[in-house]
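Sequential numbering of the sequence shown, starting at 0, is according to numbering that gives the first Met the number 0. One structure below.
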Amino acid sequence: MQWAERQHFNHGSSLMQGWGALLLLIACVLWAWLGFLIWDTDDSLYCFRASSICEMDTTMPKQLTLLGISAPLSVAGTGLLVAGSVRRQTSAHVLRVIEMQQSEERARNK
C-alpha cells in the first residue's frame, strides 16, 4: 500500500514539475519576443496631410501586454517547478528516515 501511495505522490510531483517547466518555457518565448520588440524599436512619426497633427506609432502596448502576460507565467512556473521538486525530495527524505528507523528497530530486536 505504501508503494502505491508513494507512486501516486511522485506522479503528482512530476505533474507539478512538468507544468512548471511548460509555463517557464512559454514565459521564456514571451520574454524573447519582448526582447526582440525592444531591440527592434522602429518608432515612426506619422503626420496626416489634412492637418498638422502628428502621431508617434509605437509598439509600447504590445510590449506591455507581453510583459503583463510573461511575468505572472514566470512566477507561476517557478513556483510549480520548485514545489514539485521540494515535494519529491521531501518524500524521498521521509522514506529514508522511515527505512533508517526500521533498520534500527531490527538491530535492537537482534
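From the three backbone atoms N, C-alpha and C, an ideal C-beta is built for every residue, glycine too.
- In the DSSP annotation of this structure, the continuous segment of the alpha helix (DSSP H) that includes Lys-61 starts and ends at 59-108.
- Glu-4 and Ser-73 have their C-alpha atoms some 31 angstroms from each other.
- When the alpha-carbon of Pro-60 is set against those of Ser-84, Leu-33 and Val-85, the nearest one is in Leu-33.
- If you draw a straight line from the Cα of Ser-90 to the Cα of Ile-97, it is about 11 angstroms long.
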